[in-house]
Each structure stands twice: as structure tokens, then as C-alpha cells.
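Here's the structure, in C-alpha cells; my notes come after.
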Amino acid sequence: MATLHILSHSPFADSRLSSCLRLLGPQDGLLLTGDATYALQAGNVARQALELTPDTVVMFALTEDVDARNLTDIPQRVQPLDYPAFVELCCHFDKVNSWL
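Counted the way the numbering used here counts, the sequence shown spans residues 574 to 673.
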């Protein structure tokens with residue numbers, strides 16, 4: 574059963590990102606929103622952890638949050654999403670887990 578995991582907290586504030594990455598299944602998805610998009614900055618440990626995630630895990634980032642943080646060097650495998658696409662994406666997974 575595929576799950577979409579949604580993270581919104583900074584990867585530098587707590588261990589949610591690392592906990593989430595350990596639990597990802599091969600068909601799961603990961604959506605970074607809010608301060609979680611800071612994990613996409615080049616040269617940090619969080620980005621390295623994302624890059625080591627198996628290719629079967631699909632990754633997304635909310636465009637509005639990426640733009641608000643002026644992040645420009647986004648990994649190619651991370652697909653940008655606007656809000657309507659975010660809602661549609663949630664419907665494509667069996668479960669949605671928001672890491673509050």
C-alpha cells in the first residue's frame with residue numbers, strides 16, 4: 574500500500590525527515606512543503622539523505638515554498654507541484670501521512 578509522506582518542518586530543527594526516510598516504502602512518495610524544502614539546498618546533510626533515497630520513491634516539492642525560500646538548485650528527481658496538483662497527488666496514493 575503506497576503512502577504519500579508530507580513533511581513541512583525544517584530538517585535542521587528535529588529528526589522528522591530522517592525518521593520519515595527510514596520508513597519509506599519502495600512505492601511511497603515524499604512531498605516537501607514549508608520549511609522542509611530547506612532539505613533541497615545543495616551541500617547539506619538533508620540533501621545528501623534525499624539523494625540516497627531509492628529511485629522508486631517519488632519526490633515532490635511545493636513550488637510556492639521553494640520559490641519563497643529562493644531555492645534554485647533543486648535535484649532533477651524532485652517534481653515541482655502547485656496547490657491544485659498537491660490535492661490531485663493525494664488522491665493517487667492509498668494513504669497520506671502528514672508528519673506534524
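For glycine and all other residues, C-beta sits at the position ideal for the given N, C-alpha and C.
What is the DSSP secondary structure of V660, counted as helix, strand or coil?
As a working note, residue 660 is residue 87 in the sequence shown. Helix, per DSSP.
Assuming the contact rule is C-beta atoms closer than 8 Å, A634 and L654 should be a hit. Round their C-beta distance to whole Å, please.
By 1-based counting over the sequence shown, the position of residue 634 is 61. By 1-based counting over the sequence shown, the position of residue 654 is 81. Indeed, because the Cβ distance is near 7 Å, the residues count as touching under 8 Å.
Please confirm whether T606 and F666 have their CB atoms less than 8 Å apart.
Here residue 606 refers to the residue found at position 33 when the sequence shown is read from its first residue. Here residue 666 refers to the residue found at position 93 when the sequence shown is read from its first residue. No, these two residues do not count as a Cβ contact at 8 Å.
By the DSSP assignment, the beta strand (DSSP E) with A609 in it spans what residues?
Here residue 609 refers to the residue found at position 36 when the sequence shown is read from its first residue. No beta strand (DSSP E) holds A609; DSSP gives it neither H nor E.
Between the beta-carbon of I647 and the beta-carbon of L613, is there less than 8 Å?
As a working mapping, residue 647 is identified with position 74 in the sequence shown. As a working mapping, residue 613 is identified with position 40 in the sequence shown. Yes, the pair counts as a contact, with Cβ atoms nearer than the cut-off.
Along the alpha helix (DSSP H) that carries S591, what are the first and last residues, could you check?
Locating residue 591 in the sequence shown gives position 18, counting from the first residue. Element bounds for S591: R589 to L596.
Helix, strand or coil for T629, going by three-state DSSP, please let me know.
Taking the first residue of the sequence shown as 1, we reach residue 629 at position 56. Reduced to three states, the DSSP call for T629 is coil.
Mapping DSSP to helix, strand and coil, what is L623?
Along the sequence shown, one-based indexing puts residue 623 at 50. L623 falls in the helix class under three-state DSSP.
Measure the alpha-carbon distance for Q649 versus S671 and round it to whole angstroms.
Here the question's residue 649 lines up with position 76 in the sequence shown. Here the question's residue 671 lines up with position 98 in the sequence shown. Cα to Cα, the separation comes out at about 24 Å.
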